[in-house]
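Read the structure below first, then the notes.
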Amino acid sequence: MGKVTISFEMTLDGVFDQMEHWFDENDPGLQRASDELVFGADAVLLGRESYEFFREYWPAQTDDRGFADHYNALPKYVASTTLTGPLDWNATLIEGDVADYVRGLRDRYESIVSHGYGGLAATLVDAGLVDEIHAGIHPFLVGNAEDRLRTPHPVGLRLLDVQTTDSGIIAARYAPV
Numbered sequence: 001m002g003k004v005t006i007s008f009e010m011t012l013d014g015v016f017d018q019m020e021h022w023f024d025e026n027d028p029g030l031q032r033a034s035d036e037l038v039f040g041a042d043a044v045l046l047g048r049e050s051y052e053f054f055r056e057y058w059p060a061q062t063d064d065r066g067f068a069d070h071y072n073a074l075p076k077y078v079a080s081t082t083l084t085g086p087l088d089w090n091a092t093l094i095e096g097d098v099a100d101y102v103r104g105l106r107d108r109y110e111s112i113v114s115h116g117y118g119g120l121a122a123t124l125v126d127a128g129l130v131d132e133i134h135a136g137i138h139p140f141l142v143g144n145a146e147d148r149l150r151t152p153h154p155v156g157l158r159l160l161d162v163q164t165t166d167s168g169i170i171a172a173r174y175a176p177v
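In terms of full-length UniProt numbering, the sequence shown opens at residue 1 and continues consecutively.
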């Protein structure tokens, strides 16, 4: 059975957006963590907002590591109640119950990465389908944090690993207990 990993970046005060103020895509430590996660994945799971943002951003990207090419080539599965198919960017719209669909994906793929922190992440956590959560915590205070990753009940997490980068990013890996 495949593993589902939720990955997101945030500031110390819990801000996920306004990335132009705090996110440095060229940070070597962040690149190492991203490479390890994405090059090890064989599918991507996205909510509508992440899909719409990423499908505009990633196809135009290039890099010496092959990261963009690999990410663009991965099959993507999108959970949305408002989008209609077919989707572009090698993406398939999830139809029916999201949790059941993801259970089927776990039978097909070894490693599924989900980038995001909204309703899809909460659904996956609540259904017990998340094996790891990778949180990149950046040393910035931005303010105006959004309410995200809200689950219907508290979810305990066990720390698997923590690393820091030279620029102060904390890369924490958790698993539900």
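Even glycine gets a Cβ: it sits at the ideal position worked out from N, Cα and C.
- The continuous alpha helix (DSSP H) containing Y57 extends over residues 48-57.
- C-alpha of A68 to C-alpha of Q61: approximately 6 Å in a straight line.
- The segment 40-47 and the segment 11-30 do not touch, with fewer than 3 CB-CB distances between them shorter than 8 Å.
- Rounded to the nearest whole angstrom, the C-alpha separation of T11 and R55 is 24 Å.
- Considering only L159, L157, F140, the residue with the shortest C-alpha distance to D17 is F140.
- The C-beta distance from G116 to F8 rounds to 6 Å, short enough to meet the 8 Å contact threshold.
- Looking only at E20, V4, R32, the smallest Cα-Cα distance to I170 is reached by R32.
- V113 has its alpha-carbon roughly 19 Å from the corresponding atom of D88.
- Between L30 and T164, the beta carbon gap of about 11 Å keeps them out of contact (Cβ cut-off 8 Å).
- CA-to-CA, the gap between E132 and L124 works out to about 11 Å.
- Ranked by Cα distance from S50, the options R65, K76, G66, L37 are led by K76.
- The criterion of a C-beta distance shorter than 7 Å is satisfied by L129 and V4.
- With a cutoff of 7 Å on beta-carbon distance, H134 and R173 are scored as near each other.
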